[in-house]
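Accompanying notes for the structure given below.
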Ligand SMILES: NC(=O)c1ccc[n+]([C@@H]2O[C@H](COP(=O)([O-])OP(=O)(O)OC[C@H]3O[C@@H](n4cnc5c(N)ncnc54)[C@H](OP(=O)(O)O)[C@@H]3O)[C@@H](O)[C@H]2O)c1
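Numbering (the numbering used here), first residue to last: 44 to 346.
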């Protein structure tokens, strides 16, 4: 039986990397090493070993990955294209499990995969499969957690509460799966604790299935005194506008967000998972009362 003991994480200072690092450390199950790039200004808890590597060099990253059983990549948009370096280095260093930076929509859904915003994630999967076909040994897990629940609410992405004029995509009734950052961290701990069961496949995790319509109702319940004036937008139109932006060579936040909105709120994108691995990974889920608590905190802080 393979046991994962030594875990390296790349992108540990990011919005997702931080909670994954916290979950790995707090589980007490692993010896955790952060691999950061030379330009990183991030600092980490003293209990964590930190190694600096040139993430554009397979040799440099291979040296950083020596002795690691698993590598978790939580790099963001900027590091997405360079993940082939992490994969080649992990294979060269004899790593047993690699988790690429997926952590979102289910890109095994063809409609999701066709959206340009996921091109680097698709390319990373292709590189991984090709590299493993040439040199088998390392295993992988792709994590599909839907939308980040707390992050998506605090950024106004799932429902903008700040101005009281949230954009509601299509009819707002599309139900999508969403997961808090802490639960994604917990899922990573669960994956690395269940080597066989999570080997070479997509694992699905979610805290809740919910729609924008329901989110708005909960927000209205939390802040009835606020004037709520939802604005309806079609995900077909927003995808069209993102495609036009892309054709002009723009890969800006609005362009990226337009494609993401299509994937999360559009019909037929597998936004609500048909199954999940919650029980295996120790994810207990969230209730609408938990969502209400998130809104209370956000609205109290003026977000
Ligand atoms: N499901 C959702 O709703 C949702 C929402 C947001 C993100 N995500 C996904 O979550 C994952 C992480 O995204 P994030 O938003 O947490 O990212 P982020 O906040 O932008 O963090 C990026 C991290 O990657 C590191 N990094 C950037 N470029 C790098 C490179 N070339 N080499 C090595 N490290 C590099 C940064 O480190 P330093 O700056 O310290 O060097 C930082 O720690 C992505 O897969 C993203 O698509 C999903």
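Every residue, glycine too, gets a C-beta built ideally from N, C-alpha and C.
So, at 6 Å on beta carbons, what are the nonlocal neighbours of residue i in its own chain, with the 5 sequence-adjacent residues on each side left out?
i, result
"residue 113", "47, 50, 140 and 235"
"residue 351", "Nothing can be reported for residue 351, as the shown portion of the chain is limited to 44 through 346."
"residue 72", "none"
"residue 322", "none"
"residue 329", "250 and 251"
"residue 269", "207"
"residue 87", "77 and 93"
"residue 153", "none"
Grab me the residues of residue i's own chain with a C-beta within less than 8 Å of its C-beta, minus the 5 sequence neighbours each way, in chain order.
i, result
"residue 273", "208, 209, 210, 211, 215 and 259"
"residue 239", "44 and 45"
How would you label residue i, buried or exposed, when you count the other beta carbons within 10 angstroms and need 16 or more for buried?
i, result
"residue 181", "buried"
"residue 172", "exposed"
"residue 280", "exposed"
"residue 80", "buried"
"residue 186", "buried"
"residue 189", "buried"
"residue 285", "buried"
"residue 40", "Past the boundaries of the shown model lies residue 40; the chain is included only from 44 to 346, so the question cannot be answered."
"residue 243", "exposed"
"residue 204", "buried"
"residue 191", "buried"
"residue 264", "exposed"
"residue 294", "exposed"
"residue 60", "buried"
"residue 338", "buried"
"residue 233", "buried"
Are residue i and residue j touching if we call contact CB-CB under 8 Å?
i, j, result
"residue 324", "residue 246", "yes"
"residue 254", "residue 276", "no"
"residue 58", "residue 194", "yes"
"residue 225", "residue 249", "no"
"residue 54", "residue 122", "yes"
"residue 282", "residue 313", "no"
"residue 117", "residue 52", "yes"
"residue 67", "residue 231", "yes"
"residue 241", "residue 167", "no"
"residue 119", "residue 98", "no"
"residue 131", "residue 177", "no"
"residue 308", "residue 278", "yes"
"residue 89", "residue 56", "no"
"residue 127", "residue 170", "yes"
Residues in its own chain within less than 7 Å of residue i by CB, not counting five upstream and five downstream?
i, result
"residue 202", "196, 209, 255, 258, 259 and 262"
"residue 331", "261"
"residue 228", "62, 63, 65 and 66"
"residue 155", "148, 149, 161, 306, 312 and 313"
"residue 319", "247, 248 and 249"
"residue 103", "96 and 97"
"residue 304", "212, 278 and 281"
"residue 163", "123 and 124"
With a threshold of 7 Å (Cβ to nearest heavy atom), would residue i be considered close to ligand 2?
i, result
"residue 102", "Although ligand 2 was asked about, the structure shown includes only ligand 1 as ligands."
contact_flag[the region 102-110, the region 130-144] where n(CB pairs < 8 Å) is 3 or more = These segments touch.
On the three-pair Cβ rule with 8 Å, is the region 79-93 touching the region 144-162?
-> As far as the Cβ criterion goes, the region 79-93 does not touch the region 144-162, which means the pair count is below three.
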